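Residue numbering for the sequence shown follows my numbering, beginning at 1249 and increasing consecutively.
Glycine included, C-beta positions come from ideal geometry on N, C-alpha and C.
Being a predicted model, the structure only gives us computed values, none of them experimental.
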Amino acid sequence: MNESARARRKARRIAWSVRAGLVAFRALASTWRITELNGAVIHKLRAARQPFILAFWHGRMLPLLWHHRAQGINILISEHGDGEIIARVAESLGCRTVRGSTTRGAERALLGLIRTVREGGEIAITPDGPRGPTGSFASGALVVAQRSGAPIVTLAAGASSAWRMKSWDGFMIPKPFARVTIAYGNPEHFAELSAREAASHAPRMQEALVRLTATTDV
1249 MNESARARRK
1259 ARRIAWSVRA
1269 GLVAFRALAS
1279 TWRITELNGA
1289 VIHKLRAARQ
1299 PFILAFWHGR
1309 MLPLLWHHRA
1319 QGINILISEH
1329 GDGEIIARVA
1339 ESLGCRTVRG
1349 STTRGAERAL
1359 LGLIRTVREG
1369 GEIAITPDGP
1379 RGPTGSFASG
1389 ALVVAQRSGA
1399 PIVTLAAGAS
1409 SAWRMKSWDG
1419 FMIPKPFARV
1429 TIAYGNPEHF
1439 AELSAREAAS
1449 HAPRMQEALV
1459 RLTATTDV
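Written out as structure tokens, the structure is:
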């Protein structure tokens, strides 16, 4: 079998997996009981027509995609195999995708995100993706914030009961009828800093996201 035939077969397998998975996912997510904390932050930014950057841990992505469905948010998705499936799921929920990561293909991806924000788009980044270590805040989101002028809003999700995948990020899937808590941090601005100064805030932002996530794990 030649390369093109193998590529077509792989694409068909992914497409079938996504279609089947989406039916099950929508049925599952429709049972979640979602509570939003500090959501006024996002409403105020949108009322002011201020683009923003959402930053959340890779392993908490699933309930956050569901909660932000049909909002047209641009999400950074890695180019590896798992990223293709996540990208199709995100797009089916009304998100837009930018392919790359804050490590692999970083420069192209970051330039695309900066351009999107400058054009008024809202973006989402998993600062510990695509391969970890889990809970580490890479500087990519800070670079985009510094160069675009958009604030970073940390974002977290937790569930009263959930399955945890045996993956590097402990990917969380809330169980049926779980109470899901979505929490937003306050906007953080970096436009007036140099690129180096902005990047130096990565440890502080990591701690802030850790604390925010802890508020949802109750």
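- Sixteen is the threshold: since fewer than 16 other Cβ atoms of the shown chains lie within 10 Å of the Cβ of Val1466, the residue is exposed.
- Thr1374 sits close to Met1309, with the two beta carbons spaced by under 8 Å.
- With contacts defined by Cβ atoms closer than 8 Å, Ser1326 and Ile1362 do not form a contacting pair.
- Setting aside the 5 residues that flank it on each side, Ala1303 is surrounded in the same chain by Ile1373, Pro1375, Ala1389, Ile1400, Thr1402, each with a C-beta closer than 6 Å to its C-beta; the list follows chain order.
- Ser1387 is classed as buried because its beta carbon has at least 16 other beta carbons within 10 Å across all chains shown.
- Here Ala1357 is buried, its C-beta having at least 16 other C-beta atoms within 10 Å.
- In this structure, the straight-line span from the alpha carbon of Gly1342 to that of Ile1334 is close to 13 Å.
- Uninterrupted beta strand (DSSP E) stretches at least 3 residues long and entirely within the region 1357-1419 occur at 1371-1373, 1400-1407, 1410-1412, given in chain order.
- Secondary structure note for Arg1444: its alpha helix (DSSP H) is the uninterrupted segment 1443-1447.
- If you look at Ala1295, you'll find it isn't in any beta strand (DSSP E); it sits in the alpha helix (DSSP H) that goes 1288-1295.
- A distance of 8 Å or more separates the beta carbons of Phe1438 and Glu1370.
- DSSP places Glu1440 in the coil class of the three-state scheme, outside both helix and strand.
- Looking at the DSSP output, Glu1284 shares a beta bridge with Ile1430.
- Taking the CA atoms as reference points, Thr1464 sits about 26 Å from Thr1345.
- Counting along the chain, the unbroken beta strand (DSSP E) around Ala1303 starts and ends at 1301-1303.
- In this structure, Met1420 and Ala1431 do not form a Cβ contact; the two beta carbons are roughly 14 Å apart against a cut-off of 8 Å.
- Per DSSP, the beta bridge partners of Thr1345 are Ile1323.
- Non-local C-beta neighbours of Ser1409 in its own chain, meaning closer than 6 Å and more than five positions away in sequence, comprise Lys1423, Ala1426, ordered along the chain.
- Nearest Cα to Pro1435 within the set Ala1253, Asn1286, Ile1282, Leu1276: Asn1286.
- Secondary structure note for Gln1298: it is in no alpha helix (DSSP H), with a DSSP letter that is neither H nor E.
- Thr1279: not part of any alpha helix (DSSP H); DSSP gives it neither H nor E.
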